[in-house]
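Presented below is the structure to which this report refers.
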Amino acid sequence: MNTDNTADNVYARELGKRGQGYPLWVPEPQDVGEVEIGDVGYIRRGGFYRLFRATEDGTDDLNRTHGVPEKFEKFSIGNLAPKRLDNAIPKGLLGSQSVKHLAIDGQVTAYSAELAFKCEVTEDQGAFLVLGASATRQELHQIRKMKTHMGLHVRNWYTFACEMGLEVAEEDIIFVRGWVKTTEWMVAAFTQQGKSAQISISADSGAVASGHLRLEATHKSSPTYDYRSGPESQKTLNNQTNRGGGKQRNPKGKGRARPQESNSSQPDVNQALAMNQCVFLHYLKLKRRFLGMKFMEAMAEPRDPSFEGDDHHFEQVPAPVKRYDPVDYLLDYILENSSAEVAVASDGELIDICKAVRPEDTEFPIPDDIPAFLRNVSPQVEVTEDGIGILSLEDITSRQQFAEETPSGEQVDNASMDVADGAAQDATTDPPPAPANPNEQVDRMDEDDGTKEDLGKKFETSDYLLELSINAQRGGISALAYSPNGRYAAGGFDSGSIVIWDPQTRRRVVELQGHNDTICCLAFSPDNLELVSGSRDARLIIWNIRDEYQRAILVGHHGFVNSVVYSPDGKTIASASIDYTVRLWDVETGRSKATSDEHDAMVMLVKYSPDSSRLVSASADCVARILDARNASTIAELDSHEGVIYSVCFSPDGRRIATTSDDGSVRIWSAMTGDEYLILHEHKGSVWDAIFTPDGKRIISVGSEKAVKVCDSFDGTLLRQFDGDDGLLNAATFSPDSKFVAAGSADHQVCVWNTESGQCVARWSGHADNISRLQFSADSKHILSASDDGTVRLFNMRNAFVPVQQQ
Numbered sequence: 001m002n003t004d005n006t007a008d009n010v011y012a013r014e015l016g017k018r019g020q021g022y023p024l025w026v027p028e029p030q031d032v033g034e035v036e037i038g039d040v041g042y043i044r045r046g047g048f049y050r051l052f053r054a055t056e057d058g059t060d061d062l063n064r065t066h067g068v069p070e071k072f073e074k075f076s077i078g079n080l081a082p083k084r085l086d087n088a089i090p091k092g093l094l095g096s097q098s099v100k101h102l103a104i105d106g107q108v109t110a111y112s113a114e115l116a117f118k119c120e121v122t123e124d125q126g127a128f129l130v131l132g133a134s135a136t137r138q139e140l141h142q143i144r145k146m147k148t149h150m151g152l153h154v155r156n157w158y159t160f161a162c163e164m165g166l167e168v169a170e171e172d173i174i175f176v177r178g179w180v181k182t183t184e185w186m187v188a189a190f191t192q193q194g195k196s197a198q199i200s201i202s203a204d205s206g207a208v209a210s211g212h213l214r215l216e217a218t219h220k221s222s223p224t225y226d227y228r229s230g231p232e233s234q235k236t237l238n239n240q241t242n243r244g245g246g247k248q249r250n251p252k253g254k255g256r257a258r259p260q261e262s263n264s265s266q267p268d269v270n271q272a273l274a275m276n277q278c279v280f281l282h283y284l285k286l287k288r289r290f291l292g293m294k295f296m297e298a299m300a301e302p303r304d305p306s307f308e309g310d311d312h313h314f315e316q317v318p319a320p321v322k323r324y325d326p327v328d329y330l331l332d333y334i335l336e337n338s339s340a341e342v343a344v345a346s347d348g349e350l351i352d353i354c355k356a357v358r359p360e361d362t363e364f365p366i367p368d369d370i371p372a373f374l375r376n377v378s379p380q381v382e383v384t385e386d387g388i389g390i391l392s393l394e395d396i397t398s399r400q401q402f403a404e405e406t407p408s409g410e411q412v413d414n415a416s417m418d419v420a421d422g423a424a425q426d427a428t429t430d431p432p433p434a435p436a437n438p439n440e441q442v443d444r445m446d447e448d449d450g451t452k453e454d455l456g457k458k459f460e461t462s463d464y465l466l467e468l469s470i471n472a473q474r475g476g477i478s479a480l481a482y483s484p485n486g487r488y489a490a491g492g493f494d495s496g497s498i499v500i501w502d503p504q505t506r507r508r509v510v511e512l513q514g515h516n517d518t519i520c521c522l523a524f525s526p527d528n529l530e531l532v533s534g535s536r537d538a539r540l541i542i543w544n545i546r547d548e549y550q551r552a553i554l555v556g557h558h559g560f561v562n563s564v565v566y567s568p569d570g571k572t573i574a575s576a577s578i579d580y581t582v583r584l585w586d587v588e589t590g591r592s593k594a595t596s597d598e599h600d601a602m603v604m605l606v607k608y609s610p611d612s613s614r615l616v617s618a619s620a621d622c623v624a625r626i627l628d629a630r631n632a633s634t635i636a637e638l639d640s641h642e643g644v645i646y647s648v649c650f651s652p653d654g655r656r657i658a659t660t661s662d663d664g665s666v667r668i669w670s671a672m673t674g675d676e677y678l679i680l681h682e683h684k685g686s687v688w689d690a691i692f693t694p695d696g697k698r699i700i701s702v703g704s705e706k707a708v709k710v711c712d713s714f715d716g717t718l719l720r721q722f723d724g725d726d727g728l729l730n731a732a733t734f735s736p737d738s739k740f741v742a743a744g745s746a747d748h749q750v751c752v753w754n755t756e757s758g759q760c761v762a763r764w765s766g767h768a769d770n771i772s773r774l775q776f777s778a779d780s781k782h783i784l785s786a787s788d789d790g791t792v793r794l795f796n797m798r799n800a801f802v803p804v805q806q807q
């Protein structure tokens, strides 16, 4: 793609490598009002021009200026929660890679200048931006809904632009998702022969108010450069252009903005400047596949080097000159590597990919050759249900996380890992006992053909009572746990005892005694060899299951231990207590590693991220905290809930966190920064639990109004819902694969629903009192239930089936 060398284009290309967004050569508001999220328009000669604002009604005063497209549909931001970051870019100089900051010029500082820089241009082209005040950024982080809206309506937008007499292509139309704004600025671009040119930039002490900005240049050659400053209302000097030989010209010709005459001979230096000068733009664009554009299937696969194709039969002609826009490269990549007829992409996706793959290049993350970079990285392309091609960045982030965790030069021996995993499995799991009758099938969910003997029977009602010793005074069941390999199930009791069962035989394996008060929480180790228990006696005990002994007693809490969890790598235990603290313990030594005491009330929940690098804690103070798993220091505080937080969970890729609360909301946050991405208010009461689907695209929640809601986890769209009536009453919980939700009913049954169809697939009876706890196995094939009747029962999901339809 050939690009021109006008000042606005060079400025965008050179400064765009900073990864701050699309640099605008003309930051001033055009037409009516400043740039805002939801604006639909186009970029011409370095300035953004609005067609209409999609987030406002068609009858809004702003949209009355030019009107709106036929069949206009308003875009609702809803709970997408635009994020604002003050001081996103500090006051001062922001230069391209070819603009080297030398020092503060002594002659300039003699004038007592507030801003003073001396720089040298090391290439023929370069650009810089001077901010008279720090810049603020606001953007939508989650843009899937915007992509869908643009894909559905851009034809109408394009038709509207044509009817206005504008000569724009459909792919020139942009949908604004964010901006970076300041109060005053200077922009400059060296378009030719800039190498070795030295520049002095200064602003007087009153420049923040009056806009006094000066530029002087000395050069060994005769560079061509251009600059502008603003806002116009604050300038005391007209924009001037200095071309080779130091001759000054008035700005004329295409691509040059003319200063407007001011009615005021002297600006009021005390007047506060408006934060409405848009120096960088965040946006989406769309492109359709044109006739002849190729879809390169299986791009990353090996190719036959002897096959040249027939492209060499075509005559090569120069590509048309086009405005520089890095998003165009993303759109071409999507169309070349998918079957989609339409591609939608944003500037933020390119920035995210570059920063993930090139974390060492923080100043200039955007490469010179973007197409080659994309071919090398090969991000995955997803085609939505609407046939729109979009980038999927999950593989990029997971690859980067793996690279960060693997030391330089170290290779991962997959064979060794497999052997180690197999050894661990062999050491902990005996093969299932052979059936007494050789023709008898071992009870496995995946071998079920779905047939039932009695089709008139509405539900399977059989249950399996787990064995307990006779006449033992244990009290109620206060905790449940299932080992990752399904070999063991554990129950904690009010008496402080712990019983471990073999779910396959339903026999009691061992009863553990060590605590002197109620068991509050249980967790199996990832290798299935050990169990950790937390109690009202403020202690944690690590139990060796095979040898039935206390391997370590963890002492440090000063109150009930409400929650305990192993890190996925098995090296650390995290515990949460009524004493307002979260503690980290070394599994091998049993010693305390770190403590977080920043909550203002008892801590009720703690969960690890899939990669063991972070954990999230939730407290009765209605606040959740993201903690660094190395030292328990706070990374971010999630403090938007107005009620007690009932559940927390990480997305499968570990990059997002979902919290549910008594305030009726589900909130989705960045696990990296704590930014609040999404707020869901679909429930009419408390939200008990939520889970991401395995692909991370949906969030499923269950609430006190006995309803289950399935929403898009990126844009919050409600996809489906169903009511559980009196069957969805107590202890609601999701299966790990998110396909089922189980709860206790008013008549003490265990009820299970399919989250995809909304149908009740099982009602298991057997308990004589309220269901207090439910726990799915890791493979989602079995459910443990505990009741106030003092029993623990096991149900096999093989026996779950859809109720018979009444004729």
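UniProt numbering puts the first residue of the sequence shown at 1, with every later residue one more than the last. Note that CB positions come from ideal geometry on N, CA and C, so glycine has one too. Remember, predicted model here, so these are calculated numbers, not experimental data.
Terminal residues of the continuous alpha helix (DSSP H) containing D352?
-> Per DSSP, D352 belongs to the alpha helix (DSSP H) from 347 to 357.
Who are the Cβ neighbours of N437 in its own chain at under 8 Å, not counting the five residues just before and after it?
-> No answer about N437 holds up, because its pLDDT of 38 lies below 50 and its placement is not dependable.
Please work out which residues of its chain come closer than 8 Å, Cβ to Cβ, to T159, disregarding the five sequence neighbours upstream and downstream, and give them in chain order.
-> Hits under 8 Å: P69, E70.
Name the DSSP beta bridge partners of Q20, please?
-> Looking at the DSSP assignment, Q20 forms no beta bridge with any residue, so it has no partner.
What is the DSSP secondary structure of A618, counted as helix, strand or coil?
-> Of the three classes helix, strand and coil, the one that applies to A618 here is strand, per DSSP.
Helix, strand or coil for V187 per DSSP?
-> DSSP places V187 in strand when its eight states are reduced to three.
Among R375, E36, F560, which has the Cα closest to the Cα of L174?
-> Note that residue 174 is Ile in the sequence shown, not Leu. Comparing Cα-Cα distances from I174 to each of R375, E36, F560, the minimum goes to E36.
Within 10 angstroms of its Cβ, does T59 collect 16 or more other Cβ (buried), or is it exposed?
-> By the 10 Å Cβ count, T59 comes out exposed.
Who does F175 pair with in a DSSP beta bridge?
-> Residue pairing by DSSP places F175 opposite V40, L284 in a beta bridge.
CA nearest to the CA of V606, picked from C649, V644, H641 | Closest by C-alpha distance to V606, out of C649, V644, H641, is C649.
Taking the alpha helix (DSSP H) that N9 falls in, what are its first and last residues?
-> For N9, the uninterrupted alpha helix (DSSP H) segment begins and ends at 7 to 15.
Specify whether the stretch 176 to 192 and the stretch 128 to 136 touch according to this definition: at least 3 beta carbon pairs, one from each stretch, less than 8 Å apart.
-> Taking a cut-off of 8 Å for Cβ pairs, the stretch 176 to 192 and the stretch 128 to 136 touch, as three or more such pairs fall below it.
Just how far apart, CA to CA, sit S596 and A576?
-> CA-CA distance, S596 to A576, rounds to 10 Å.
Where Y283 falls, given that 16 or more other Cβ within 10 Å makes a residue buried | Per the 10 Å Cβ criterion, buried.
Secondary structure at residue 809, three-state DSSP: helix, strand or coil?
-> No information on residue 809 is available, as it lies outside the stretch 1 to 807 that the chain covers here.
With respect to the alpha helix (DSSP H) encompassing L680, which residues constitute its N-terminal and C-terminal limits?
-> Counting along the chain, L680 sits inside no alpha helix (DSSP H); it lies in the beta strand (DSSP E) bounded by residues 676 to 680.
Secondary structure of M150, DSSP reduced to three states | Reduced to three states, the DSSP call for M150 is helix.
Of the choices Q138, L166, V121, whose alpha-carbon is the least far from that of Q198?
-> From the listed residues Q138, L166, V121, the smallest Cα separation to Q198 is found for V121.
Can you give me the start and stop residues for the beta strand (DSSP E) that I388 sits inside?
-> Following the DSSP letters along the chain, one finds I388 inside the beta strand (DSSP E) bounded by residues 388 to 392.
Burial state of S633, where buried means 16 or more other Cβ atoms lie within 10 Å | With fewer than 16 other CB atoms across the displayed protein chains lying within 10 angstroms of its CB, S633 is exposed.
Of the residues F722, V99, G19, D611, which one's Cα is nearest the Cα of E707?
-> The displayed chain sequence assigns Ala, not Glu, to residue 707. Per the Cα distances, F722.
Near A12, which residues of its chain fall below 6 Å by C-beta distance, leaving aside the five closest residues on each side in sequence?
-> For A12, where only same-chain residues beyond five positions count, the Cβ hits under 6 Å are P23, Y324.
Just reading off the alpha helix (DSSP H) that E336 is part of, what are its end residues?
-> Under the DSSP assignment, E336 falls in the alpha helix (DSSP H) whose first and last residues are 326 to 336.
Spell out a yes or no on whether the stretch 79 to 98 and the stretch 43 to 52 are touching, meaning 3 or more CB-CB pairs, one atom from each, closer than 8 Å.
-> They do not touch, by the three-pair rule.
In the DSSP assignment, what are the bridge partners of R539?
-> Answer is V555.
Close beta carbons around N276, own chain, < 7 Å, minus the five adjacent residues each side | So the list reads P29, E34, K181, once near-sequence residues are dropped.
From what residue to what residue does the alpha helix (DSSP H) around A786 run?
-> Element bounds for A786: not the alpha helix (DSSP H) but the beta strand (DSSP E), 782 to 787.
Take the Cβ of V32 as the centre, count every other Cβ of all protein chains shown within 10 Å, and call the residue buried at 16 or more, exposed below.
-> Exposed: under 16 other Cβ atoms inside 10 Å.
Smallest Cα separation from D653: which of I77, S609, V792?
-> Closest option to D653, Cα to Cα, is S609.
Could you round the C-beta distance between H599 and C622 to whole angstroms and report it? I think they count as a contact, below 8 Å.
-> About 10 Å; that fails the 8 Å criterion.
Which of helix, strand or coil does DSSP assign to T589?
-> Correct three-state label for T589: coil.
In its own chain, which residues sit with a C-beta less than 6 Å from the C-beta of Y225, not counting the 5 before and 5 after it?
-> Same-chain partners within the cutoff: F190.
CA-CA distance, K17 and Q192?
-> A straight-line Cα-Cα distance of about 19 Å links K17 and Q192.
Strand pairing of W501, partner residues [DSSP] | The partner list for W501 (beta bridge, DSSP) reads A489, R508.
So is G165 buried or exposed if we call it buried at 16+ other beta carbons inside 10 Å?
-> Burial check for G165: the Cβ neighbour count within 10 Å stays below 16, so the residue is exposed.
Please say whether D494 and H515 have beta carbons closer to each other than 8 Å?
-> No, they are not a contact pair.
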